[in-house]
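A short write-up of the structure that comes next.
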Amino acid sequence: MSTNVTTASGADAPSFYDLEPHEHAAHGSTHLGFWLYLMSDCLIFASLFAIYGVVGGNYAAGPGPQDLFDLRLVAVSTAALLLSSITYGFAVLDMNEGNQRGTLLWLSLTGLLGAAFMGLTLYEFYHLIHESAVPQRSAFLSAFFVLVGTHALHVFFGIVWLVVLLVQISQRGLVPANRIRVDCLSMFWHFLDVIWIGVFTVVYLMGMLR
Amino acid sequence: MSANAQTANAQIARGGHHAHDADHGHGHDSGHAHGTRKTYLIGFALSVVLTAIPFWLVMAEVISNPVTTTFLIMACGLAQILVHMIYFLHMNAKSEGGWTLMAAIFTIIVTLIALVGSLWVMYHLNTNMMPGHTMEATDTPEVP
């Protein structure tokens, strides 16, 4: 037995198994893998932005951005999403300090701000459909509903994930698995904010300048 | 049990304990980057400013030339995306051994090809193929 261990840990002998456990494997690969998922999601949004850029001016004699968009509404929903970014940041900081109560509180606040954003987007969609500015009306409206709708769908699933995480943290506490989940949702949430910067710049602000 | 085997076992025990510690110390060994209260607040302040400027420019109609305004709001948007990447997503060359940065650079290149390529190709398709183009205008008199 003594010789076996010596050869396995010896530098010149071939080693067939590692005696040192790899403590970074589970954490590192999850974060990097989730980052790669986000990057692929980014490409989906890139193609939707490209479609909007190509056909965004084709109104088919229908209503254009200046007839439809209310910038005050967009400013409020942008503020909600921006605030939810900093509240999520505080949730992660509290989690790193091991403060479970603070984490739950900041996460709940983030969820409420996300829900406010979702509500404003749904209100806008309802308002547009009520004015018969439906996706079938023109290429501009198709591209608009697909781009903004895909972003809203991401926010919706982010909120679902966040609610599940709130339940999991209150039941199991800040265990390593939950910490990884909070970190991944943090990336997802901030990523959605980055996409929203593109949406409000290209769709709403540049639409009003047309 | 020999002295060598005991040392090896002790190493395993220590390694295992270390991994356990790392879990409770929130896996700083993973190379996943984190922010501090200060960096989050700096990022938030910058993004508030970079959001307020484009909205103000468009809503108050500060500049009469729409092309200038478009370039300014696009510059603000790009700057804010960078702010979010650095202060909220903690992008740097060190996290995950540089692989997140590599993936991000690759994505930016593919995104630019998709966006600029589509707009460029479709712009030329529109200007060269649409009815009413100069080529077609000179051709029309010949067609009865």
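Quick note, the sequences are listed as chains B and V, same order. Residue 179 is where the first sequence starts when you use my numbering, and the numbers rise one by one after that. Residue 126 is where the second sequence starts when you use my numbering, and the numbers rise one by one after that. All C-beta atoms in this analysis are idealised placements derived from N, C-alpha and C, irrespective of residue type, glycine included. Values in this document were obtained by computation on a predicted structure and should not be read as measured data.
Could you say which of the options lies nearest to residue i if we only look at CA atoms?
i: Tyr165 of chain V; options: V:Ala228, V:Trp224, V:Gly222, V:Phe213; result: V:Phe213
i: Leu226 of chain V; options: B:Gln244, B:Phe323, B:Met217; result: B:Met217
i: Arg250 of chain B; options: V:Thr161, V:Phe180, V:Asn251; result: V:Phe180
i: Leu221 of chain B; options: B:Ile358, B:Arg388, B:Ile373, B:Val326; result: B:Ile373
i: His209 of chain B; options: B:Val377, B:Gly385, B:Arg388, B:Phe366; result: B:Phe366
i: Gly211 of chain B; options: V:Ser189, V:Ala228, V:Met199; result: V:Ala228
i: Ile347 of chain B; options: B:Tyr301, B:Ala321, B:Ala330, B:Val270; result: B:Val270
i: Leu383 of chain B; options: B:Val252, B:Val345, B:Tyr301; result: B:Val252
i: Val235 of chain V; options: B:Asp219, B:Arg388, B:Arg359, B:Phe194; result: B:Asp219
i: Thr161 of chain V; options: B:Tyr237, B:Asp272, B:Asp245, B:Leu282; result: B:Asp272
i: Val312 of chain B; options: B:Pro241, B:Asp371, B:Phe194, B:Asn356; result: B:Pro241
i: Arg279 of chain B; options: B:Leu344, B:Ser364, B:His368, B:Phe194; result: B:Leu344
i: Trp257 of chain B; options: B:Ala239, B:Ser225, B:Ala293, B:Phe334; result: A small correction: the amino acid at residue 257 of chain B is Ala; Trp does not occupy that position in the sequence shown. If we check each option's Cα against that of Ala257 of chain B, B:Ala293 comes out closest.
i: Asn277 of chain B; options: B:Phe369, B:Arg357, B:Leu370, B:Asp371; result: B:Arg357
i: Glu221 of chain V; options: B:Trp213, B:Leu370, B:Leu387; result: B:Trp213
i: Ala170 of chain V; options: V:His209, V:Leu244, V:Gly223; result: V:His209
i: His159 of chain V; options: B:Val333, B:Ser364, B:Ala239; result: B:Ser364
i: Thr317 of chain B; options: B:Phe194, B:Ala238, B:Pro192; result: Reading the sequence as shown, one finds Ala at residue 317 of chain B and not Thr. Checked all of B:Phe194, B:Ala238, B:Pro192; the closest Cα to Ala317 of chain B is B:Ala238.
Here's the rule: buried if 16 or more other CB atoms are within 10 angstroms of the residue's CB, otherwise exposed. What is residue i?
i: Asp248 of chain B; result: exposed
i: Asp146 of chain V; result: Bear in mind that a pLDDT of 40 at Asp146 of chain V, under 50, signals an unreliable position, so the model cannot answer this.
i: Ile137 of chain V; result: Residue confidence is low: Ile137 of chain V scores 43 on pLDDT, short of 50, so the model does not pin down where it sits. Its coordinate-derived value is still stated next. Exposed.
i: Asn253 of chain V; result: exposed
i: Pro243 of chain B; result: buried
i: Ile230 of chain V; result: exposed
i: Ala185 of chain V; result: exposed
i: Gly385 of chain B; result: buried
i: Gly297 of chain B; result: exposed
i: Ser180 of chain B; result: In this prediction, Ser180 of chain B scores a pLDDT of 47, lower than 50, which makes its location untrustworthy; no coordinate-derived value is stated.
i: Trp284 of chain B; result: buried
i: Phe223 of chain B; result: buried
i: His249 of chain V; result: exposed
i: Ser310 of chain B; result: exposed
i: Gly242 of chain V; result: exposed
i: Asn274 of chain B; result: buried
i: Ile307 of chain B; result: exposed
i: Val360 of chain B; result: buried
i: Gly234 of chain B; result: buried
i: His153 of chain V; result: Below a pLDDT of 50, predicted positions are generally treated as unreliable, and His153 of chain V, at 43, falls in that range; the measurement from the model is reported next regardless. Looking at its Cβ environment, which holds fewer than 16 other Cβ atoms inside 10 Å, His153 of chain V is exposed.
i: Pro331 of chain B; result: Contrary to the premise, residue 331 of chain B reads as Leu rather than Pro in this sequence. It is exposed - the Cβ of Leu331 of chain B has fewer than 16 other Cβ atoms within 10 Å.
i: Ala321 of chain B; result: buried
i: Gly351 of chain B; result: exposed
i: Ile238 of chain V; result: exposed
i: His305 of chain B; result: exposed
i: Val333 of chain B; result: buried
Locate the alpha helix (DSSP H) running through residue i, then write down its first and last residues.
i: Glu131 of chain B; result: The shown model of chain B, from 179 to 388, leaves out residue 131 of chain B, and the question about it has no answer.
i: Asn356 of chain B; result: 354–377
i: Tyr165 of chain V; result: 162–184
i: Asn253 of chain V; result: 224–254
i: Pro191 of chain V; result: 191–208
i: Leu383 of chain B; result: No alpha helix (DSSP H) holds Leu383 of chain B; DSSP gives it neither H nor E.
i: Asn332 of chain B; result: The residue asked about is misnamed: residue 332 of chain B is His in this sequence, not Asn. Note, His332 of chain B: alpha helix (DSSP H), 317–350.
i: Ile264 of chain B; result: 249–274
i: Leu246 of chain B; result: 243–246
Residues in the stretch 355–368 of chain B having any Cβ partner in chain V nearer than 7 Å | Here the close residues are Arg357, Asp361, Met365, His368.
Listed in chain order, which residues of the stretch 163–176 of chain V have Cβ atoms closer than 7 Å to some Cβ of chain B?
-> Tyr165, Phe169, Ser172, Val173, Thr176
Inspect the CB distances between the stretch 223–233 of chain B and the stretch 260–267 of chain B and report whether three or more fall short of 8 Å.
-> no
Any residues in the stretch 329–349 of chain B with a beta carbon nearer than 7 Å to a beta carbon of chain V? Which ones, in chain order?
-> Listed by position along the chain: nothing, the set is empty.
At a Cβ cut of 9 Å, what residues of the stretch 227–247 of chain B count as close to chain V, listed as they run along the chain?
-> Phe227, Ala228, Ile229, Gly231, Val232, Val233
Just by C-beta distance, which residues in the stretch 261–290 of chain B are closer than 8 Å to chain V?
-> Ser263, Ile264, Gly267, Phe268, Val270, Leu271, Met273, Asn274
On the three-pair Cβ rule with 8 Å, is the stretch 201–219 of chain V touching the stretch 170–179 of chain V?
-> yes
Hey, is the stretch 375–383 of chain B in contact with the stretch 315–331 of chain B, meaning 3+ C-beta pairs nearer than 8 Å?
-> yes
Against chain V: residues of the stretch 208–224 of chain B by CB proximity under 7 Å = His209, Leu210, Trp213, Leu214, Met217, Cys220, Leu221, Ala224
In chain order, what residues of the stretch 223–237 of chain V put their CB closer than 8 Å to some CB of chain B?
-> Trp224, Thr225, Ala228, Ala229, Phe231, Thr232, Val235, Thr236
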